[in-house]
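In the working numbering, the protein residues as written are 2 to 403. Heads up, the beta-carbon is just placed ideally off N, CA and C, and yes, glycines get one too.
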């Protein structure tokens, strides 16, 4: 996020390299903290306590990040202090989550540690740790390669567009955190019907929620980007590629969580390593000016987004095939088709309407129309029983008159 500051955007390559060199050691500390936090999150979810990890990651971390960015923007803290405080947030999250887990252990754990097969436990933890670290590296690899191949200024433009498209993953993260302990229990009892049921429900619910966010982002993309400073108003293709890939990602359901909670947990690491190599290769091919798709403007940051999207789609398709071969399960039903049709129809209806030139009015009107069409149609065609029940509870609690 430091790239948003104007003075950083003006750095030449030597200054940018010096800045990176001075703080490069923090990358390893951050990766270690992130990986350890993910391991603790998995442990917390296995104890049927997914709320605290979600709160720390989605509310606490993001809120504190915004606070630190404001402090740095208005020169209350320098860049070095910003980085140290940013990394300290992860240490704080680890401490809070560790205390929560320790308290949970004191009530839940009744077996003796010497009865645990420590070697298997250690091996499992190692695979989860390395898999989490490789996944974290993959999520930043495109930005690193953009900085290396075409310049650090481009990272700023890419990062803004990337995170706009990546917001589609938010519902999937929450659903995944809830599904993880349920899948762990289902595997423990070898309840394959329950695993299949969770797989299917996670897919359709994530598709519907992700589809709503996708439409909100893409229908408002021009007006939304126009609110940013002029230098950040590019990146429309980046948003499209990342958004579509993440929509596909959430549509494939909790495939990774199913794998990591099963006897095939080692394959989660193998798949992440394949994704790492694939992302590295595709970014190298499509970022450079010699990109084979340069005539379609898929080069530079657009090429990076295309490469990342392609890698994500191949990665999830591989896991889909793996689960189908090993377990005979797949997440798609007729409701999947209905959800896709819903997304397309709502997009075509709203996209063909002429809205006022006023940006704010247009954003509000278009978003209101999106909800007014999407939610009722979703309920009418009963695409997801879970979402229908949830909406019914909310309606009866907050809107229905007694």
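Worksheet item: From which residue to which residue does the alpha helix (DSSP H) around residue 171 run?
Response: In the chain shown, residue 171 corresponds to position 170, counting from 1. Residues 171 to 189.
Discussion item. Does residue 67 come out as helix, strand or coil in the three-state DSSP assignment?
Written reply: What you label residue 67 is simply residue 66 of the chain shown in a count that begins at 1. Helix.
Item to complete: Tell me the start and end of each unbroken beta strand (DSSP E) in the region 240 to 299 that is at least 3 residues and wholly inside, in chain order.
Response: none
Worksheet entry | residue 205 vs residue 171 beta-carbon contact at 9 Å | Locating residue 205 in the chain shown gives position 204, where the first residue counts as 1. Locating residue 171 in the chain shown gives position 170, where the first residue counts as 1. Against a cut-off of 9 Å, the Cβ pair of residue 171 and residue 205 comes out as no contact.
Discussion item. If contact is defined by three or more beta carbon pairs under 8 Å, each pair taking one atom from either stretch, is the region 252 to 264 in contact with the region 283 to 296?
Written reply: no
Practice prompt. My understanding is that residue 228 touches residue 142, with C-beta atoms under 8 Å, so please give their C-beta distance in whole angstroms.
Written response: Translated into the one-based positions of the chain shown, residue 228 becomes position 227. Translated into the one-based positions of the chain shown, residue 142 becomes position 141. Contact flag wrong, Cβ pair sits at about 29 Å.
Discussion item. Within 10 Å of its beta-carbon, does residue 73 have 16 or more other beta-carbons around it, so buried, or fewer, so exposed?
Written reply: Looking up residue 73 in the chain shown gives position 72. It is buried - the Cβ of residue 73 has at least 16 other Cβ atoms within 10 Å.
Practice prompt. Measure how close the beta-carbons of residue 185 and residue 262 come, nearest whole angstrom, since I'm counting them as under 8 Å.
Written response: Stepping through the chain shown from its first residue, residue 185 is reached at position 184. Stepping through the chain shown from its first residue, residue 262 is reached at position 261. Confirmed, about 5 Å.
Worksheet item: When you compare each of 370, 199, 274 and 144 to residue 304 by their alpha carbons, which one comes out closest?
Response: The residue you call residue 304 lines up with position 303 of the chain shown. Measuring from the Cα of residue 304, the nearest candidate turns out to be 144.
Discussion item. Going by DSSP, what residue range makes up the alpha helix (DSSP H) through residue 354?
Written reply: As a working mapping, residue 354 is identified with position 353 in the chain shown. Where residue 354 is concerned, there is no enclosing alpha helix (DSSP H), given that its DSSP letter is neither H nor E.
Practice prompt. Count the CB pairs spanning the region 87 to 95 and the region 59 to 68 that are closer than 8 Å, and state whether there are at least three.
Written response: yes
Discussion item. Using only the alpha-carbon positions, how far apart do residue 375 and residue 219 sit?
Written reply: As a first step, residue 375 must be located in the chain shown, where it is residue number 374. As a first step, residue 219 must be located in the chain shown, where it is residue number 218. Using only the alpha carbons, I get a separation of about 15 Å.
Discussion item. Using the three-state DSSP reduction, which class does residue 80 fall into: helix, strand or coil?
Written reply: Within the chain shown, the letter at position 79 stands for residue 80. Three-state DSSP puts residue 80 in a helix.
Item to complete: Out of 152, 147, 34 and 76, point me to the one whose CA is closest to residue 98's CA.
Response: The residue you call residue 98 lines up with position 97 of the chain shown. With distances taken between Cα atoms, residue 98 lies closest to 34.
Worksheet item: Can the beta-carbon of residue 216 be found less than 9 Å from the beta-carbon of residue 252?
Response: Along the chain shown, one-based indexing puts residue 216 at 215. Along the chain shown, one-based indexing puts residue 252 at 251. Cβ atoms of residue 216 and residue 252: not closer than 9 Å.
Practice prompt. Would you check if the distance between the CB atom of residue 313 and the CB atom of residue 249 is smaller than 9 Å?
Written response: Residue 313 sits at position 312 when you count from the first residue of the chain shown. Residue 249 sits at position 248 when you count from the first residue of the chain shown. Yes, these two residues count as a Cβ contact at 9 Å.
Practice prompt. List the endpoints of the continuous alpha helix (DSSP H) containing residue 312.
Written response: Indexing the chain shown from 1 puts residue 312 at position 311. Start and end: 301 to 328.
Worksheet item: By a C-beta neighbour count over all protein chains shown, 10 Å radius and 16 as the cutoff for buried, is residue 153 buried or exposed?
Response: Here residue 153 refers to the residue found at position 152 when the chain shown is read from its first residue. Residue 153 is buried by the Cβ-count criterion.
Worksheet item: Are residue 104 and residue 224 close, meaning C-beta to C-beta below 9 Å?
Response: Working through the chain shown from its first residue, we reach residue 104 at position 103. Working through the chain shown from its first residue, we reach residue 224 at position 223. Cβ distance not < 9 Å, so residue 104 and residue 224 don't count as in contact.
Worksheet entry | Inter-residue spacing [alpha-carbon to alpha-carbon] between residue 40 and residue 325 | What you label residue 40 is simply residue 39 of the chain shown in a count that begins at 1. What you label residue 325 is simply residue 324 of the chain shown in a count that begins at 1. Spanning the two alpha carbons is a distance of roughly 27 Å.
Worksheet item: How big is the Cα-Cα spacing for residue 108 and residue 190?
Response: To locate residue 108, count along the chain shown from 1; it is residue 107. To locate residue 190, count along the chain shown from 1; it is residue 189. Its pLDDT being 49, under 50, residue 108 is placed unreliably by the model, and the measurement read from it follows with that caveat. Distance between the alpha carbons of residue 108 and residue 190 is about 22 Å.
Item to complete: Could you tell me how far apart the beta carbons of residue 243 and residue 310 are, in whole angstroms, since I believe they sit closer than 8 Å?
Response: Taking the first residue of the chain shown as 1, we reach residue 243 at position 242. Taking the first residue of the chain shown as 1, we reach residue 310 at position 309. Going by Cβ atoms, the distance from residue 243 to residue 310 rounds to 6 Å, so yes, they are a contact pair.
Worksheet item: Which residues mark the beginning and the end of the alpha helix (DSSP H) in which residue 166 is found?
Response: Within the chain shown, the letter at position 165 stands for residue 166. Counting along the chain, residue 166 sits inside the alpha helix (DSSP H) bounded by residues 153 to 167.
Worksheet item: Helix or strand or just coil, what does DSSP make of residue 86?
Response: Locating residue 86 in the chain shown gives position 85, counting from the first residue. Residue state, collapsed to three classes: helix.
Fill in: Start and end residues, alpha helix (DSSP H) containing residue 365
As a working mapping, residue 365 is identified with position 364 in the chain shown. Segment 360 to 381, the alpha helix (DSSP H) holding residue 365.
Item to complete: Can you grab the Cα-Cα spacing for the pair residue 283 / residue 246, in whole Å?
Response: Stepping through the chain shown from its first residue, residue 283 is reached at position 282. Stepping through the chain shown from its first residue, residue 246 is reached at position 245. Their Cα atoms are separated by approximately 15 Å.
Discussion item. For residue 112, count the other beta carbons within 10 Å of its own beta carbon; 16 or more makes it buried, fewer makes it exposed. Which is it?
Written reply: The residue labelled residue 112 in the question sits at position 111 within the chain shown. Here the model assigns residue 112 a pLDDT of 48, short of 50, so the residue's position is not dependable, and the following value carries that caveat. When all chains shown are included, residue 112 counts as exposed.
Practice prompt. May I ask you to report which of helix, strand or coil DSSP gives residue 221?
Written response: Counting from one through the chain shown, the residue named residue 221 turns up at place 220. Here residue 221 sits in coil by DSSP.
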